[in-house]
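So the protein lines, in turn, are chains A and B. Counting from 58, one number per residue, gives the positions in the first sequence under my numbering. Counting from 428, one number per residue, gives the positions in the second sequence under my numbering. Here a beta-carbon is modelled for each residue, glycine too, at the ideal position from N, C-alpha and C. Shown next, in structure tokens, is the structure this report addresses.
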Amino acid sequence: MTQPLIQFEQVYKQFGDHRVLNGVDFDIYPGRITAVIGKSGEGKSVLLKHIIGLIRYDTGRILYQGKPMRDMNRKDRKELRSKFSYMFQGNALFDSMTIFENIALPLKEKNKLSKTVIQELVFEKMTQLDLKDMDHKYPSQLSGGMQKRVALARALITEPEIVLFDEPTTGLDPVRKKGVHGMIADYQKKFGFTAVVVSHEIPDIFYVAHHVAMLDEGRIIFAGTPEDIDKSSNPVIKSFMQGMETGVEDRVE
Amino acid sequence: MQKIDLIQKPFAVTGRNAIFLVQELGRMALFLSSGFFHIFSRPFQVEKIVTQVHFIGMKSVLLICLTGGFTGMVLGLQGYYTLVKFGAVGMLGPAVGLTLVRELGPVLTAIMITGRAGSAIAAEIGIMRISEQIDALKTMDINPVRFLFSPRLAAALISFPLLTAIFNTVGIFGGFLTGSLLLGVSPGVYFAHMSTDISMADIYGGFIKSFCFAVLVITISCYQGYYTHLREEGFGARGVSLSTTSAVVICSVAILAFDYLLTCFLL
Chain A
58 MTQPLIQFEQ VYKQFGDHRV LNGVDFDIYP GRITAVIGKS GEGKSVLLKH
108 IIGLIRYDTG RILYQGKPMR DMNRKDRKEL RSKFSYMFQG NALFDSMTIF
158 ENIALPLKEK NKLSKTVIQE LVFEKMTQLD LKDMDHKYPS QLSGGMQKRV
208 ALARALITEP EIVLFDEPTT GLDPVRKKGV HGMIADYQKK FGFTAVVVSH
258 EIPDIFYVAH HVAMLDEGRI IFAGTPEDID KSSNPVIKSF MQGMETGVED
308 RVE
Chain B
428 MQKIDLIQKP FAVTGRNAIF LVQELGRMAL FLSSGFFHIF SRPFQVEKIV
478 TQVHFIGMKS VLLICLTGGF TGMVLGLQGY YTLVKFGAVG MLGPAVGLTL
528 VRELGPVLTA IMITGRAGSA IAAEIGIMRI SEQIDALKTM DINPVRFLFS
578 PRLAAALISF PLLTAIFNTV GIFGGFLTGS LLLGVSPGVY FAHMSTDISM
628 ADIYGGFIKS FCFAVLVITI SCYQGYYTHL REEGFGARGV SLSTTSAVVI
678 CSVAILAFDY LLTCFLL
């Protein structure tokens, strides 16, 4: 078995009185697509934000290639962060910038590329994502689906090693959903990056994911392949897979 | 037991507020020092600074001219009717000039920019915070303080003294309009006394104030927007509206308080 790239060891996180992560143990493997599934409000996005350091955990450890991320020095942490890219659930596009400026921003700020090269790269990505002729528009002038694709273009423009997708297909029509899933799989094959995808799209996400982890009540209750989760006899997983909410009463019965 | 609580409560509230104030001031000082340091860190953000000079400075020129003009006109009017009682209308020029250069120029310019640009900056950064745009910058390994605050701080340090100079000039001509053209003070007397009675120290003092106000206004406005998410009283749109209101109120009070302190040191 390959050594995990990122490991969660007994990670706890509490917001006020509400405990979101309740001892998460979770492995992410290099060059693989890992899907994180679970009910809404279970802390999937919180888990993802811990990986990139947007949220600090209370206790536990998150390791990158066996080294605790929190113990890294400033330089190593900066270097590590440059390997990541993040696609937000709400897109987080800069609404006072044009689409071109949004996609070009990571290149302009972090690389010493010429204007011509940046322009070429951005237009190439826009063509791949079906965003032609949108360069001069502002995010508010685009539909939700188009905004999603702009966010995706921005996440992939720097050709990162690890990409974190927070519900990348929310608000898209079925055709576009399949397109985005296909694109994640294609890009992953082409560039070999590690992807973590938080998703509700079941079973669609299983066609592209190599690993699946299910978060329930702050814990990872399943980690394995998409084939294994289909065979799981755990009632919580089964009812989730069938699209039903599992109440305490149901389980008692 | 209840009696003890009643006695302890005021101390607890005072202590909590004092700790909160110290924390806020500390965080703001770190925010300012980080922003100031990044003005000089490479690569220089020239394009962003120019954009902000246009927003904070250029777009405020008309407002500054209007307020400067009317302030000077009122000073000319009030000054004339006060000085005429003592037969000293010849001192109208220096009276208007000194009042503007030392006090009203820097203070009113700063308050006007707070209303026009400070509130807009707090709202813009606040919206960026609640819509995760600041988090997005962090995920791209872009320092948000450097990206959002440093160019605005540099632009304010350039714009505030220039706008203050415009305010003073227009104000002096406003005073000339009412004092000389409407009320008959000799134009020669109005300007001649001004050039002899206003020293360079007065002008420098005014500019020192405008630099200090630039730092105050932009730091408070950006800080209020940047930490919108830490507000206990409101999240989302309400949080942004509270940040904007706080920015304007705190800036206005801070300008007047610092004006007093600076005047004490400069006189």
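- A straight line joining the alpha-carbon of B:E474 with that of B:S648 spans about 21 Å.
- Note that the C-beta distance between A:K234 and A:D261 is below 8 Å.
- The beta carbon of B:Y653 lies closer than 6 Å to those of I552 in the same chain, with the five residues before and after it left out.
- Bridge partners of A:I294 according to DSSP: none are assigned.
- Spanning the alpha carbons of B:S613 and B:L643 requires a straight line of approximately 40 Å.
- Against chain A, the CB of B:K486 has no partner CB under 8 Å away; the residue lies outside that interface.
- Among the CB atoms of chain B, none fall inside 8 Å of the CB of A:K194.
- With 16 or more neighbouring CB atoms inside 10 Å of its own CB, A:R211 falls in the buried class.
- Uninterrupted alpha helix (DSSP H) stretches at least 4 residues long and entirely within the segment 61–133 of chain A occur at 101–109, given in chain order.
- Between B:D568 and A:K167 the beta-carbon gap is near 6 Å, inside 8 Å, which marks them as a contact.
- Assigned with DSSP and collapsed to three states, B:R556 falls in helix.
- Here the C-alpha atom of A:A270 lies approximately 28 Å from the C-alpha atom of A:K135.
- Counting along the chain, no beta strand (DSSP E) covers B:F574, and no H or E run does either.
- One alpha carbon belongs to A:K124, the other to A:G95, and they sit about 28 Å apart.
- Under the DSSP assignment, A:L221 falls outside any alpha helix (DSSP H), being part of the beta strand (DSSP E) whose first and last residues are 219–223.
- Classified as buried, B:G499 has 16 or more neighbouring CB atoms from the shown chains inside 10 Å of its CB.
- Secondary structure note for A:F279: its beta strand (DSSP E) is the uninterrupted segment 276–281.
- Cα atoms of A:V207 and A:I160: separation of roughly 7 Å, rounded to the nearest angstrom.
- Of all residues in the segment 139–160 of chain A, only S139, F141, S142, Y143, F145, G147, A149, L150, F151, D152, S153 place a beta-carbon less than 8 Å from a beta-carbon of chain B.
- By the Cβ neighbour-count rule, A:H193 is exposed, with fewer than 16 other Cβ atoms within 10 Å of its own.
- Between A:E224 and A:V255, the C-beta gap is smaller than 8 Å, which places the two residues in contact.
- DSSP places A:D285 in the helix class (H, G or I) of the three-state scheme.
- For B:T646 against B:L459, the beta-carbon gap comes to about 5 Å, under 8 Å, which counts as contact.
- In this structure, A:P196 is the residue among A:P196, A:I286, A:N130, A:K165 with its C-alpha nearest to the C-alpha of A:T155.
- Nearest neighbour of A:G100 by Cα position, chosen from A:S200, A:G236, A:I286, A:D273, turns out to be A:D273.
- Residue environment: B:G514 is assigned as exposed (fewer than 16 neighbouring CB atoms within 10 Å of its CB, all protein chains considered).
- In the three-state scheme derived from DSSP, where H, G and I count as helix and E and B as strand, B:V612 is classed as coil.
- Residue environment: B:V449 is assigned as exposed (fewer than 16 neighbouring CB atoms within 10 Å of its CB, all protein chains considered).
- Segment contact: the segment 616–629 of chain B against the segment 500–520 of chain B, three or more CB-CB distances shorter than 8 Å; contact assigned.
- Out of B:G495, B:T478, B:M485, B:A439, the CA that lies nearest to the CA of B:V597 is found in B:G495.
- Counting only residues of its own chain and dropping the five nearest sequence neighbours on each side, A:F141 has a CB closer than 7 Å to the CB of I109, P217, I219, L221.
- Here DSSP, grouped into helix, strand and coil, assigns B:H481 to helix.
- If you check each beta-carbon in the segment 82–98 of chain A against every beta-carbon of chain B, none falls closer than 9 Å.
- Put simply, the backbone Cα of B:P571 is about 19 Å away from that of B:S546.
- Annotation for B:S637: the continuous alpha helix (DSSP H) segment containing it runs 627–653.
- Non-local beta-carbon contacts of A:K189 in its own chain, meaning distances under 8 Å to residues more than five positions away in sequence, involve M183 in chain order.
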